[in-house]
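Heads up, the thing below is written out as structure tokens.
There are 2 protein chains.
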Amino acid sequence: MKKAPTIRDVASAAGVSVSVVSRVLNPESGPVAPAKRDMVLRVIEDLGYRPRAAARELSVGHAPTVGLVVADLANPFFAQLADRIVWEARSHGVQVVVMTTQEDPHLEADSLDTLLDRSVGGVIATPTGANVEKWARLQSLGVNVVFVDRTIPELADVDVVSIENVDSARRATEYMLGLGHTRIGLITGPISTSTGRSRIQGYQAAHDSRSVPVDPQLIRDVPFRGDGGGDAVGSLLALPDRPTGIIVANTAQVQSAVRRLVQTGTRIPNDLSVIVFDDSPWTELTSPPLSIIRQPIGMLALHSLELVLGRMQGKLPDGQRTIEVNADFVPRNSCSPLVLTPTR
Amino acid sequence: MKKAPTIRDVASAAGVSVSVVSRVLNPESGPVAPAKRDMVLRVIEDLGYRPRAAARELSVGHAPTVGLVVADLANPFFAQLADRIVWEARSHGVQVVVMTTQEDPHLEADSLDTLLDRSVGGVIATPTGANVEKWARLQSLGVNVVFVDRTIPELADVDVVSIENVDSARRATEYMLGLGHTRIGLITGPISTSTGRSRIQGYQAAHDSRSVPVDPQLIRDVPFRGDGGGDAVGSLLALPDRPTGIIVANTAQVQSAVRRLVQTGTRIPNDLSVIVFDDSPWTELTSPPLSIIRQPIGMLALHSLELVLGRMQGKLPDGQRTIEVNADFVPRNSCSPLVLTPTR
DNA sequence: GACCGGAGTGGAACCGGTACCACTTTTGTA
DNA sequence: TACAAAAGTGGTACCGGTTCCACTCCGGTC
Chain H
1 MKKAPTIRDV ASAAGVSVSV VSRVLNPESG PVAPAKRDMV LRVIEDLGYR
51 PRAAARELSV GHAPTVGLVV ADLANPFFAQ LADRIVWEAR SHGVQVVVMT
101 TQEDPHLEAD SLDTLLDRSV GGVIATPTGA NVEKWARLQS LGVNVVFVDR
151 TIPELADVDV VSIENVDSAR RATEYMLGLG HTRIGLITGP ISTSTGRSRI
201 QGYQAAHDSR SVPVDPQLIR DVPFRGDGGG DAVGSLLALP DRPTGIIVAN
251 TAQVQSAVRR LVQTGTRIPN DLSVIVFDDS PWTELTSPPL SIIRQPIGML
301 ALHSLELVLG RMQGKLPDGQ RTIEVNADFV PRNSCSPLVL TPTR
Chain Z
1 MKKAPTIRDV ASAAGVSVSV VSRVLNPESG PVAPAKRDMV LRVIEDLGYR
51 PRAAARELSV GHAPTVGLVV ADLANPFFAQ LADRIVWEAR SHGVQVVVMT
101 TQEDPHLEAD SLDTLLDRSV GGVIATPTGA NVEKWARLQS LGVNVVFVDR
151 TIPELADVDV VSIENVDSAR RATEYMLGLG HTRIGLITGP ISTSTGRSRI
201 QGYQAAHDSR SVPVDPQLIR DVPFRGDGGG DAVGSLLALP DRPTGIIVAN
251 TAQVQSAVRR LVQTGTRIPN DLSVIVFDDS PWTELTSPPL SIIRQPIGML
301 ALHSLELVLG RMQGKLPDGQ RTIEVNADFV PRNSCSPLVL TPTR
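Residue numbers (this note's numbering), protein chains in the order written: chain H, 1 to 344; chain Z, 1 to 344.
Right, dumping it as structure tokens:
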């Protein structure tokens, strides 16, 4: 329980001033005679000296830290995203403070305050959609913000990394339309979120291009949390003219939706063709394995971290930046042509 | 991009000294006249003042922060654990710095150094099993350490929260033995980890109590990372006298193992009875739904956080503490009696 | 031989809080 | 009413780094 050595301990043990030790620690900040540098390094080693982050932060005014604000780590999508970001950040000598919002704007606001207190240089977030003014304030205080997966259109000047939501939803829908399905259920995220809206847009576009009318009843936007996916499945299947295919475009609701299908004994793909937005390995462990839109989490993580670090180092030109990475459609065996198995 | 107000700005704006503002901020540290308190609070509100964490940390010598060192956030087990811990910590006003080790002792050592630099008051970790001296040093520096899920026996004085590993493995094994299986494969974690050893011990105990001999060939300890689970399944099934049941007691390898079973067309439970250690919702989405040992992640999170916070506040009596929470066995449909479906 | 520029160095003022101490005012009690 | 105890207040030295500045040596150049 002895206290850790400080830079002054090192300085006196090495017979130099603290300035010299500091310059050894931060080579760019000034010259040091090679002999003294070696001496200092040896003393540092001997004493097991490590600079205290708080002192440096206080002095330089900001921390080599990025905040990561995700909705829910228990959700594999966010968990994998966090994993990759934490991992990648480490190799850049940057620490990550993880906060979760549970999709609650209040908790999100809280998180931002906390990160502000920590003087983080940047924040990567999957915003709830609220707290517009709070995000703006964060930016005005010099914190670099990157939104990943979702965005808030009202906020100009925030970098965004997402998958090609419109296109992904369009491709999934076209695939089903191509199989002959004309009544396709869509379970997506809240329309208050950009992903929710974009995926509806893609779904609509696919229908338009084939001149298939869209029945609004078939579109269900459900919250990310809770059991909305299962309920939406239930109510879609209870429709008088029930859909012959379902696209679950709300990643957080995939398990809930599939569970409901299993519970109700719905045979896939005979009774219902299914495509889900997900990338969890378990989607190939069901029978049949599910056709998925695979979200390239690694790419999302990489780009968002690169953006935020680039901003923090001022290495990026001004102006908002949007990066859209494309998501693969992975057909497996959860869809079948409508003609071969007419409904009922 | 204007700079944030400091405590001195608040003091002068409120017409008081910094001492008073500080006492308003930390009520326990001294009295303040109600009128002045209100005044200060109003100014704080007006200016949008927030104390800087770094300054406080430097002054008090430690941070209201716990480090969380997990192997791999992409693994749902750790992800859920992290989620609960982060969540629970917030309600205590404590922040969590998450680090991942990817099961690599070097990265683990790195992480500990980083957390030390941050002056965290405590660390919750799923240790790799190495870095014994490093953990000890951390403790000697006054950092409270709590191991969760796994432990390192060499380290006395470290609190541990885990599930009843021996007992859980014993119950799963007894269940299978009770169904008439006598050749039961066990896929567990590395014997270098406490969980790996304990689960083998429970497996052994169950056999002993029924006087069924244990064939060492049937026990496979595989690393947490990589595809060892699938490979172990493959080699177990290739055995001349292949097992009629398998217990996957390595949570991280469950998906890999099940994937191999699916790929090889093994019929569950007809060809093989299966029990896995897991708690992911997807285990009931396979067909048949898998019988599981459910790890009570919420309890692990709660207890470990309570322990570490309790230590940090000095509210706990001295002496190492071990908490074992029990894990439920949830029978579903992946096991069948041996007598009804003889092998081959 | 005077002068310049740069390498190398140490002193000390910060950064923004906390906490101790000395001091003045109020309050309570005999 | 007297006086001790408690409430309330401000000044200031920390905490452990960084950074600016002044200063001393050098060698090289005209």
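Quick reminder that beta carbons are idealized off the backbone N, C-alpha and C, glycines included.
Here the structure is a predicted model, which means the values were calculated and not measured.
Would you mind working out which of H:67, H:68, H:66 and H:86 sits nearest residue 74 (chain Z), comparing C-alpha positions? Numbered from its first residue, the second sequence carries residue 74 (chain Z) at position 74. When only C-alpha atoms are compared, the closest one is H:86.
Run through the stretch 199 to 273 of chain H for me and flag every whole alpha helix (DSSP H) of 4 or more residues, listed as ranges in chain order. Secondary structure in the stretch 199 to 273 of chain H: the alpha helix (DSSP H) runs of 4 residues or longer, each lying completely within the stretch, are 228 to 237 and 254 to 263 in chain order.
Residue 267 (chain H) burial status per 10 Å Cβ neighbour count (16 or more: buried): By 1-based counting over the first sequence, the position of residue 267 (chain H) is 267. Residue 267 (chain H) is exposed by the Cβ-count criterion.
Residue 114 (chain Z) lies in the alpha helix (DSSP H); which residues open and close that run? Numbered from its first residue, the second sequence carries residue 114 (chain Z) at position 114. First-last of the alpha helix (DSSP H) with residue 114 (chain Z): 105 to 117.
Tell whether a beta-carbon distance below 7 Å holds between residue 98 (chain Z) and residue 138 (chain Z). Position 98 of the second sequence holds residue 98 (chain Z). Position 138 of the second sequence holds residue 138 (chain Z). Contact flag unset, no.
With residue 168 (chain Z) and residue 293 (chain Z) assumed to form a contact (beta carbons below 8 Å), what rounded beta-carbon distance in angstroms separates them? Locating residue 168 (chain Z) in the second sequence gives position 168, counting from the first residue. Locating residue 293 (chain Z) in the second sequence gives position 293, counting from the first residue. Going by Cβ atoms, the distance from residue 168 (chain Z) to residue 293 (chain Z) rounds to 5 Å, so yes, they are a contact pair.
Could you check whether residue 195 (chain Z) and residue 129 (chain Z) sit closer than 7 Å to each other, using their CB atoms as the reference points? Your numbering for residue 129 (chain Z) matches position 129 in the second sequence. Your numbering for residue 195 (chain Z) matches position 195 in the second sequence. No, these two residues do not count as a Cβ contact at 7 Å.
Residue 100 (chain H): contacting residues in chain Z (beta-carbon distance under 7 Å): If you number the first sequence from 1, residue 100 (chain H) lands on position 100. Going along chain Z in sequence order, the residues near residue 100 (chain H) (Cβ under 7 Å) are 83, 86 and 87.
Please classify residue 54 (chain H) as buried or exposed, where buried requires at least 16 other C-beta atoms within 10 Å of its C-beta. Position 54 of the first sequence, counted from the first residue, corresponds to residue 54 (chain H). Label assigned to residue 54 (chain H): buried.
Anything in the stretch 286 to 302 of chain H with a Cβ closer than 7 Å to a Cβ of chain Z? List those residues in chain order, please. 286 and 287
For residue 143 (chain H), three-class secondary structure by DSSP: On the first sequence, position 143 is the one that residue 143 (chain H) refers to. Here DSSP, grouped into helix, strand and coil, assigns residue 143 (chain H) to coil.
8 Å Cβ cut-off: residues of chain H touching residue 255 (chain Z): On the second sequence, position 255 is the one that residue 255 (chain Z) refers to. Result: 281, 282 and 285.
Simplified DSSP state of residue 151 (chain H), which is helix, strand or coil: The sequence position of residue 151 (chain H) within the first sequence is 151, counting from 1. Residue 151 (chain H): coil per DSSP, three-state reduction.
Below 6 Å, is the gap between the Cβ of residue 67 (chain H) and the nearest heavy atom of the ligand ATP? Among the ligands in the structure shown, none appear at all, so the ligand ATP cannot be discussed.
Are there three or more Cβ pairs, one per stretch, closer than 8 Å when the stretch 111 to 125 of chain Z is compared with the stretch 134 to 148 of chain H? no
Pick helix, strand or coil for residue 289 (chain H), following the three-state DSSP scheme. Working through the first sequence from its first residue, we reach residue 289 (chain H) at position 289. If DSSP states are grouped into helix, strand and coil, residue 289 (chain H) belongs with coil.
Can you give me the C-alpha to C-alpha distance between residue 162 (chain H) and residue 252 (chain H), rounded to a whole angstrom? Here residue 162 (chain H) refers to the residue found at position 162 when the first sequence is read from its first residue. Here residue 252 (chain H) refers to the residue found at position 252 when the first sequence is read from its first residue. Put simply, the backbone Cα of residue 162 (chain H) is about 16 Å away from that of residue 252 (chain H).
Could you pull out every unbroken alpha helix (DSSP H) segment of at least 4 residues lying fully inside the stretch 164 to 191 of chain Z, listed in chain order? 165 to 178
Starting from residue 294 (chain Z), follow its DSSP beta bridges and name the residues at the other end. Here residue 294 (chain Z) corresponds to residue number 294 of the second sequence, with the count starting at 1. Answer is Z:328, bridged to residue 294 (chain Z).
Give a yes or no on whether the minimum CB-CB distance between residue 105 (chain Z) and chain H is below 7 Å. Indexing the second sequence from 1 puts residue 105 (chain Z) at position 105. Not a single CB atom of chain H sits nearer than 7 Å to the CB of residue 105 (chain Z).
To which residues of the same chain is residue 342 (chain H) closer than 7 Å at the C-beta, ignoring the five residues directly before and after it? Counting from one through the first sequence, the residue named residue 342 (chain H) turns up at place 342. With a pLDDT of only 46 at residue 342 (chain H), under 50, the local geometry of the prediction cannot be trusted, and no value is derived from it.
Under 7 Å Cβ to Cβ from residue 19 (chain Z), same chain only, skipping five residues before and after it: list those, please. Taking the first residue of the second sequence as position 1, residue 19 (chain Z) is located at position 19. Closer than 7 Å at Cβ, skipping near neighbours: no residue.
Please determine, among H:66, H:157, H:8 and H:214, the residue with the shortest C-alpha to C-alpha distance to residue 44 (chain H). Indexing the first sequence from 1 puts residue 44 (chain H) at position 44. With distances taken between Cα atoms, residue 44 (chain H) lies closest to H:8.
So, helix, strand or coil for residue 15 (chain Z), using DSSP? Mapped onto the second sequence, residue 15 (chain Z) falls at position 15. Residue state, collapsed to three classes: coil.
Within the same chain, show all residues whose beta-carbon is closer than 7 Å to that of residue 244 (chain H), passing over the 5 residues directly before and after it, in chain order. On the first sequence, position 244 is the one that residue 244 (chain H) refers to. Once the five neighbours on either side are set aside, the close Cβ partners of residue 244 (chain H) are 181, 183, 272, 273, 338 and 343.
Tell me the residue span of the alpha helix (DSSP H) that contains residue 34 (chain Z). Position 34 of the second sequence, counted from the start, is the residue given in the question as residue 34 (chain Z). Here the alpha helix (DSSP H) through residue 34 (chain Z) covers 34 to 47.
Strictly by DSSP, which residues pair up with residue 77 (chain H)? As a working mapping, residue 77 (chain H) is identified with position 77 in the first sequence. In the DSSP assignment, residue 77 (chain H) is bridged to no other residue.
Between the Cα of residue 242 (chain H) and the Cα atoms of H:219, H:147, H:64 and H:228, which residue gives the shortest distance? As a first step, residue 242 (chain H) is located in the first sequence; it is residue number 242 there, counting from the start. The candidate whose alpha carbon is nearest that of residue 242 (chain H) is H:219.
Would you please state the rounded distance, in angstroms, between the beta carbons of residue 108 (chain Z) and residue 114 (chain Z)? I believe it to be under 8 Å. On the second sequence, residue 108 (chain Z) is found 108 positions in, with the first residue counted as 1. On the second sequence, residue 114 (chain Z) is found 114 positions in, with the first residue counted as 1. So it is not a contact: roughly 11 Å between Cβ atoms.
Could you pull the DSSP bridge partners for residue 65 (chain H) from this structure? For this step, residue 65 (chain H) is matched to residue 65 along the first sequence. According to DSSP, which records beta bridges pairwise, residue 65 (chain H) is partnered with H:95.
Is it the case that the Cβ atoms of residue 362 (chain Z) and residue 254 (chain Z) are separated by a distance below 7 Å? The displayed coordinates of chain Z run from 1 to 344. Any statement about residue 362 (chain Z) would go beyond what the structure contains.
Where does residue 310 (chain Z) fall in DSSP's three states? The sequence position of residue 310 (chain Z) within the second sequence is 310, counting from 1. Three-state DSSP puts residue 310 (chain Z) in a helix.
If you run the structure through DSSP and keep just helix, strand and coil, what is residue 21 (chain H)? By one-based count along the first sequence, residue 21 (chain H) stands at place 21. Helix at residue 21 (chain H).
Identity of the residue in Z:4, Z:37 and Z:62 nearest residue 61 (chain H) by Cα: Here residue 61 (chain H) refers to the residue found at position 61 of the first sequence. The shortest C-alpha separation from residue 61 (chain H) is found at Z:4.
Same chain, Cβ closer than 6 Å to residue 185 (chain Z), neighbours up to 5 away in sequence not counted: Residue numbering aside, residue 185 (chain Z) sits at position 185 when the second sequence is read from its first letter. Taken in chain order, the residues that qualify are 218, 236, 243 and 246.
Could you list which residues in chain H have their beta carbon closer than 7 Å to that of residue 97 (chain Z), in chain order? The residue labelled residue 97 (chain Z) in the question sits at position 97 within the second sequence. Within 7 Å Cβ-Cβ: 95 and 97.
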